[in-house]
Amino acid sequence: MLSVEDDGDVEAEEAGRDMEAYERAYADDRSWEDLQEDESGRLRVVDVAQQQRQHRKRVAAMAGAHIQRGIIRYLYLLVDLSRAAGEMDFRPSRMGVVANCVEAFVREFFDQNPLSHLGIITLHNGVAQCLTDLSGSPETHIRALRANLECAGDASIQNAIDLARGLLCQIPTYAHRETLLIFSALSTCDPGDILEAVRRCKDANIRCSVVGLAAEIYICKLLCEQTGGNYSVATSETHLKDLIMEHAPPPPVLAESAVASLVRMGFPQRGAEDAVALCVCHGEVKMGGGYICPCCKARVCELPTECHICGLMLVSSPHLARSYHHLFPVPHFEELEGTAMANGRESEFKLCYGCQQKLPFPGGEVSGVRLVCPRCRQHFCYDCDLYIHESLHNCPGCESISSTSSLPDLQN
Amino acid sequence: MKFKIDDLTVYFPYEFIYPEQYEYMLELKRALDAKGHCLLEMPTGTGKTITLLSLITSYQLKHQKMGKLIYCTRTVHEMEKVLDELRTLQAYQEKELGKEAKMMALGLSSRKNLCIHPQVSGEGSRESVDAGCRKLTASWVRAIAVDNPNVETCGFFEGYERDGANALLPQGVYTLHDLRTFGRQKGWCPYFLARHMIQFANVVVYNYQYLLDPKVSGIISREMEKECVVVFDEAHNIDNVCIEALSVNIRQQTLDGATRNLSKVTQLIEKFKTTDANRLREEYNRLVEGLAQRGNLPGTDTWLANPALPDDILRESVPGNIRRAEHFVSFLKRLVQYLKGRLQTEQVESEGPVSFLNSLQSQAGIDQKTLKFCYDRLHSLLLTLEVTDTDEFMHIQCVCDFATLVGTYTRGFSIIIEPYDERMPNVPDPVLQLSCLDASLAIKPVFERFQSVVITSGTLSPIDLYPRLLNFNPVISRSFEMSLTRDCLCPMILTRGSDQLPVSTKFDMRSDPGVVRNYGRLLLEMVGAVPDGVVCFFVSYSYMDGIVNSWNEMGILQEVMQHKLVFIETQDVVETTLALDNYRRACDCGRGAVFFSVARGKVAEGIDFDRHYGRLVIMFGVPFQFTLSRILRARLEYLRDTFQINENDFLTFDAVRQAAQCVGRVIRSKSDYGMMIFADKRYNRHDKRSKLPAWILSHLRDAHLNLSTDMSLYIAREFLRRMAQPYDKTGAGARMTLLCQADLEKMNT
Ligand code: SF4
Ligand SMILES: [Zn+2]
Ligand SMILES: [Zn+2]
Ligand SMILES: [Zn+2]
Ligand SMILES: [Zn+2]
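Written as structure tokens, this is what we have:
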């Protein structure tokens with residue numbers, strides 16, 4: 000049954016009992032109603048609500064309500080620049096698309112994980128090369144990758160994860176060790192036993208994830224399964240970006256490493272606009288701006304970072320605040336469907352509380368899902384749901400309650 | 000779960016059942032109710048075995064009169080899989096029924112797989128293990144051993160004779176391994192124990208040969224009552240098995256060996272005349288009474304009876320002219336001499352049994368009736384002469400097999416004598432082939448003897464051809480599709496290369512460099528787009544050698560190897576096993592590999608390339624049989640004249656089933672996914688395509704017909720990406736692919 004009312008439709012279920020089995024098979028499976036031809040002439044099932052539901056399911060699975068998350072991450076991006084990255088099935092080439100995605104990812108990563116570090120390792124000609132060391136500056140990584148966009152030879156996953164493992168083993172234990180492999184190739188040419196390398200990563204508590212560009216590869220699946228990572232394969236350029244971006248929010252913490260620990264941080268002040276100072280990150284004389292380390296008074300250009308002189312972690316308070324939402328997420332909105340939708344209060348909830356657009360209801364002309372916030376009971380559309388959970392990180396309904404008088408109500 | 004089909008309670012050991020399994024049971028039950036034969040096609044990966052087992056054993060529970068379930072498999076490996084399923088089923092039945100559950104199941108195989116004697120079991124071939132065992136257990140050996148402690152016997156056999164034969168065995172499922180362990184524990188011979196257990200078992204699993212091959216079957220099958228249900232699993236090649244079972248090849252070496260055997264026999268006869276003339280006389284008397292008397296011989300001495308022989312021959316007495324041992328030997332000498340003469344020929348000769356018998360009569364004075372008895376007469380003689388190393392008498396046995404077959408059947412056979420191999424005309428290698436043309440001959444006794452015979456496989460299309468080939472009337476013949484939660488099968492028909500020129504292995508095109516290059520480009524593009532394992536099937540060894548060579552010269556092979564390692568099937572079993580092993584390893588570690596293999600070869604028949612071991616299979620060309628082969632020509636003619644089966648229909652049917660068999664190796668379960676490329680323009684023709692099994696056809700969209708290399712590459716890429724997405728294994732929403740007990744109850748009311 001691919002039609003909209005799949006589980007809630009009690010009456011249809013009753014009626015079905017009297018039907019002959021074969022009749023019911025047709026009645027249930029009215030899939031022809033949802034068919035549409037796609038560009039290659041193949042029939043495909045199109046059901047907006049179903050698609051939206053699936054996407055929400057995926058998001059919900061990733062954002063389980065009360066899991067502990069690692070806020071301080073050390074992640075190596077393993078970028079495959081082997082021969083396969085030059086293929087043109089993505090425009091302009093896989094490599095170009097990957098570079099764009101990486102750029103967006105790096106920014107988003109530091110945005111969501113202000114206290115984390117990232118480095119880039121490239122795979123080409125059968126070797127793995129450390130392009131940038133772990134650091135907190137997005138620009139360095141982006142620049143370095145842009146400057147080295149050339150592809151050649153084979154990829155070796157073993158070399159890459161071995162190199163990353165060697166580097167990640169040196170970082171403090173409170174941090175979360177991760178690698179994210181963006182893999183264009185379909186095979187890996189390794190000098191040794193890759194299964195052994197996978198085992199060592201697992202032992203070193205490194206979470207390895209892979210985003211593939213072409214197809215599911217057994218060894219990548221194994222690597223992710225063994226190390227608790229996530230494996231996905233992109234179907235298009237935009238899908239690729241989505242998949243890579245999915246790795247920006249902090250991952251759930253593996254149970255065994257979930258020990259709370261304290262970390263020292265500094266909140267630097269913005270330097271005076273007219274002061275001239277030598278910045279420690281570039282080693283240049285800079286005019287104005289920048290931030291001053293509260294500990295050693297060195298000047299850095301960007302936040303967040305680690306002070307190059309005293310090694311203190313330097314963050315700004317908004318950064319820290321942004322990290323919070325991972326710890327206190329907006330509750331997952333519930334879907335209202337079928338009969339539950341027609342509880343007489345429809346007139347009250349014709350419009351989305353977020354954007355004031357029309358909401359779908361049975362028989363209505365708008366298709367899609369209708370969602371409700373479990374705390375404030377306001378109704379939202381699909382787009383607002385995404386926006387609230389992925390970007391805004393607080394619910395307009397709940398916010399307006401707390402700003403008005405009914406705050407005690409909420410506490411009950 | 001437990002559910003009802005009409006009034007029958009079916010015990011099915013799993014929580015859920017696929018809809019096609021349920022339907023399969025319905026049809027099977029109808030066939031059993033009607034006490035008739037049936038043909039059922041259901042793709043691999045849908046749990047055919049457990050469906051069959053659970054319905055039939057449930058049927059046995061209800062109908063006490065019903066006989067055993069005889070489950071025939073092709074290989075020992077398949078046999079073990081069936082027994083494993085049976086064990087699950089037994090555990091479930093016991094849980095549900097307690098003491099009521101009566102299941103006694105066992106696997107039966109030759110001594111080679113069951114013997115536990117430390118020396119004998121170490122012998123290499125089946126024949127030598129048989130002979131080794133006979134040396135220790137023949138009645139006369141044991142008789143001497145009673146007085147002479149130096150004569151070696153088999154302790155396990157003695158143990159079995161002492162206690163095993165009368166012991167009551169606990170119920171359960173006995174695999175070959177269990178039998179061996181059990182035998183070791185008790186000190187009983189597992190082989191004889193298993194044969195003894197058959198009469199108490201209600202499920203017996205063994206090889207096709209035990210029912211079809213007169214050289215192996217016999218006593219064992221003879222014990223089975225009429226009410227038995229016989230299942231032939233993976234039976235898509237059953238006609239070929241039948242034909243092989245009744246075909247004999249005689250070469251120069253065979254005849255030379257036979258001559259040696261005969262002089263050895265003569266010596267033995269002389270020896271016995273002086274030492275134990277009584278034995279020979281006793282045999283003579285026995286022969287006068289007829290072969291049926293053989294039943295009185297001790298268990299280890301009986302030879303396997305020939306079920307292909309009409310029953311009356313067993314009641315007849317052996318013709319007078321071969322009753323005496325010397326006479327029989329000189330009769331055989333004449334026969335061997337005659338055959339040697341025939342092998343001398345310079346050109347190919349081909350004739351029917353009748354004309355062969357005529358010339359045999361006129362030139363060597365050998366008549367048909369006598370020939371018919373050769374097989375049994377020889378075994379009786381060997382027994383009388385106390386011959387235990389039967390493997391050494393292989394050659395004369397072969398000649399006698401031939402004689403009996405020629406003497407028995409006057410139609411459905413042809414005798415072809417070729418002075419050299421077609422492919423190597425300069426090397427004289429004469430061979431006399433008695434080839435069976437009619438598959439129904441070997442299986443006829445099975446259909447006649449047993450109440451219900453079930454023929455089933457993943458590929459039996461077109462399903463109406465099998466009843467004609469095997470000459471029987473099924474009460475049910477059905478083909479089932481696979482219910483899938485996603486479109487995990489992607490068959491494609493590729494007709495053109497990237498330059499739009501047609502590709503084919505048709506005779507006039509196969510060596511065209513353009514076609515060779517286009518095939519090469521296809522492979523190259525695909526290995527670049529498909530991860531892990533890719534399997535290629537070629538139409539024959541010689542074609543594979545040729546094209547791989549050309550690819551090598553064109554540099555295509557080197558390019559392929561940049562993407563994946565290349566492994567090749569050879570005619571050497573050990574080498575191929577090693578290649579397969581390394582192929583799997585390359586797939587496991589992410590290096591990726593291609594396996595080149597041959598349709599109709601060992602790999603195509605028995606090796607699974609499931610999951611990442613086979614994401615794509617390319618069938619290069621249509622695997623037609625070698626149509627210049629004389630045996631094939633004779634068979635085609637026979638099929639046309641006897642069964643009105645059109646030559647082309649048969650050839651196409653045979654080629655397409657082989658192709659389907661090859662590509663079917665990549666999908667072994669529903670959670671798997673794989674692509675299949677039929678690379679030949681001829682597949683696009685309706686007459687070929689429509690012969691593919693339904694489960695492939697239902698996924699063959701119009702958009703996947705008549706493709707060129709780049710189009711199929713595009714489809715492949717898209718398919719692989721789609722399959723890599725997470726999916727809901729229980730079937731999104733309610734595309735019903737799993738039924739539970741409640742669902743079935745609803746359907747029944
Ligand atoms: S009696 Fe059994 S154990 Fe002994 S040699 Fe024969 S097969 Fe082997
Ligand atoms: Zn700076
Ligand atoms: Zn500092
Ligand atoms: Zn909205
Ligand atoms: Zn809210």
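Those protein sequence lines, which keep their order, are chains A and B. Going by numbering that gives the first Met the number 0, the residue at position 383 of the first sequence is 382; the numbering climbs one at a time, nothing skipped. Going by numbering that gives the first Met the number 0, the residue at position 706 of the second sequence is 705; the numbering climbs one at a time, nothing skipped. Just so you know, even glycine gets a beta-carbon here, dropped at the ideal spot from N, CA and C.
{"Query": "Using a Cβ-Cβ cut-off of less than 8 angstroms, list which residues of the region 582-616 of chain B approach chain A; keep chain order.", "Result": "C586, D587, C588, G589, R590, G591, R610, H611, R614"}
{"Query": "Can you grab the Cα-Cα spacing for the pair L242 (chain A) / V101 (chain A), in whole Å?", "Result": "11 angstroms"}
{"Query": "Across the region 165-185 of chain A and the region 205-212 of chain A, are there enough close Cβ pairs to call them in contact, namely three or more that are closer than 8 angstroms?", "Result": "yes"}
{"Query": "How many angstroms separate the CA atom of F446 (chain B) from the CA atom of L221 (chain A)?", "Result": "50 angstroms"}
{"Query": "Taking the alpha helix (DSSP H) that G600 (chain B) falls in, what are its first and last residues?", "Result": "That residue, G600 (chain B), is in no alpha helix (DSSP H); it is neither H nor E in DSSP."}
{"Query": "Mark C749 (chain B) as exposed unless 16 or more other C-beta atoms lie within 10 angstroms of its C-beta, in which case mark it buried.", "Result": "As displayed, chain B neither begins before 0 nor continues past 748, which places residue 749 (chain B) out of reach and without an answer."}
{"Query": "Are the C-beta of K94 (chain B) and some C-beta of chain A separated by less than 8 angstroms?", "Result": "no"}
{"Query": "Tell me which residues share the same chain as A26 (chain A) and place their Cβ nearer than 6 angstroms to its Cβ, disregarding the 5 neighbours each side in the sequence.", "Result": "Model confidence at A26 (chain A) stands at a pLDDT of 39, short of 50, so the residue's coordinates are unreliable; what they give is reported in the following sentence. Cβ neighbours of A26 (chain A) beyond the five flanking positions: none."}
{"Query": "Does S262 (chain B) come out as helix, strand or coil in the three-state DSSP assignment?", "Result": "helix"}
{"Query": "With a threshold of 8 angstroms on Cβ separation, who are the neighbours of E480 (chain B) within its own chain once the five nearest residues in sequence on each side are excluded?", "Result": "E19, P42, A693, W694, S697"}
{"Query": "By DSSP, does S30 (chain A) sit in helix, in strand, or in coil?", "Result": "Summary for S30 (chain A): the model assigns pLDDT 40, below 50, so the residue's position carries little reliability; its value from the coordinates is reported in the next sentence. If DSSP states are grouped into helix, strand and coil, S30 (chain A) belongs with the helices."}
{"Query": "Whole angstroms is fine: what's the gap from A146 (chain A)'s alpha carbon to Q128 (chain A)'s?", "Result": "14 angstroms"}
{"Query": "So, A98 (chain A) versus L130 (chain A), is the Cβ gap smaller than 8 angstroms?", "Result": "no"}
{"Query": "When you measure from the CB of Y190 (chain B) to every non-hydrogen atom of ligand 1, does any distance come out below 7 angstroms?", "Result": "yes"}
{"Query": "Taking the alpha carbon of R71 (chain A) as the reference point, which residue from A:P91, A:E398, A:C188, A:D110 has its own alpha carbon closest?", "Result": "Going by the sequence as given, residue 71 (chain A) is Ile instead of Arg. Nearest of A:P91, A:E398, A:C188, A:D110 to I71 (chain A), Cα basis: A:D110."}
{"Query": "CA-CA distance, H65 (chain A) and F327 (chain A)?", "Result": "For H65 (chain A), the pLDDT reaches just 47, beneath the cut-off of 50, and the residue's location in the model is therefore unreliable, although a value from the coordinates is still provided. The alpha-carbon atoms of H65 (chain A) and F327 (chain A) are separated by roughly 8 angstroms."}
{"Query": "Let me check understanding here. Comparing Cα to Cα, which of A:G310, A:H246, A:G282, A:V314 lies closest to E107 (chain A)?", "Result": "A:H246"}
{"Query": "Take D709 (chain B) and list the residues in its own chain whose beta-carbon comes closer than 6 angstroms to its own, dropping the five residues that flank it on each side.", "Result": "S497"}
{"Query": "How many angstroms separate the CA atom of N548 (chain B) from the CA atom of D375 (chain B)?", "Result": "51 angstroms"}
{"Query": "What residues in the region 209-228 of chain A have a beta carbon less than 8 angstroms from any beta carbon of chain B?", "Result": "G211, A213, A214, E215, I216, Y217, I218, C219"}
{"Query": "Just confirm the distance between the C-beta atoms of G591 (chain B) and H562 (chain B), as a whole number of angstroms; I'd bet it's less than 8 angstroms.", "Result": "6 angstroms"}
{"Query": "Return the bridge partner residues of Q432 (chain B) from the DSSP annotation.", "Result": "B:N248, B:I415"}
{"Query": "Sorted by chain position, which residues of the same chain lie with C-beta nearer than 7 angstroms to R516 (chain B)'s C-beta, five sequence neighbours on each side aside?", "Result": "M553"}
{"Query": "Among B:K64, B:R161, B:E151, B:V172, which residue has its Cα nearest to the Cα of Q89 (chain B)?", "Result": "B:V172"}
{"Query": "List in chain order: all unbroken alpha helix (DSSP H) runs of 4+ residues lying wholly within the region 157-189 of chain B.", "Result": "175-185"}
{"Query": "Taking C-beta pairs closer than 9 angstroms, name the residues in chain A that D531 (chain B) reaches, listed in chain order.", "Result": "L185, S186, A214, E215, I216, Y217, I218"}
{"Query": "I'd like the span of the beta strand (DSSP E) that includes G532 (chain B), first residue to last.", "Result": "532-537"}
{"Query": "Would you kindly check if the distance between the Cβ of A678 (chain B) and the Cβ of F608 (chain B) is under 8 angstroms?", "Result": "no"}
{"Query": "Should L185 (chain A) be listed as close to ligand 1, given that the test is whether its C-beta is under 7 angstroms from any heavy atom?", "Result": "no"}
{"Query": "Give me, in chain order, the residues of the same chain whose beta-carbon lies closer than 7 angstroms to that of L282 (chain B); leave out the 5 immediate sequence neighbours on both sides.", "Result": "The sequence shown places Glu at residue 282 (chain B), not Leu. Contacts found: S379, T383."}
{"Query": "Give a yes or no on whether 8 angstroms exceeds the smallest Cβ distance from W302 (chain B) to chain A.", "Result": "Caution is warranted here: a pLDDT of 45 is assigned to W302 (chain B), below 50, making its placement in the model unreliable, and no coordinate value can be reported."}
{"Query": "Can you find a C-beta in chain A that's less than 8 angstroms from the C-beta of L738 (chain B)?", "Result": "no"}
{"Query": "Quick check on A584 (chain B): buried or exposed, where buried means 16 or more other Cβ atoms within 10 Å of its Cβ?", "Result": "The question names Ala, but residue 584 (chain B) is Arg in the sequence shown. Exposed is the call here."}
{"Query": "Let me check you understand the geometry: is the CB of V559 (chain B) closer than 7 angstroms to at least one non-hydrogen atom of ligand 6?", "Result": "As far as ligands go, the structure on display features ligand 1, ligand 2, ligand 3, ligand 4 and ligand 5 and does not contain ligand 6."}
{"Query": "How many angstroms separate the CA atom of C489 (chain B) from the CA atom of P622 (chain B)?", "Result": "20 angstroms"}
{"Query": "Can you round the beta-carbon distance between V247 (chain B) and F401 (chain B) to whole angstroms, since I take them to be within the 8 angstroms contact cut?", "Result": "4 angstroms"}
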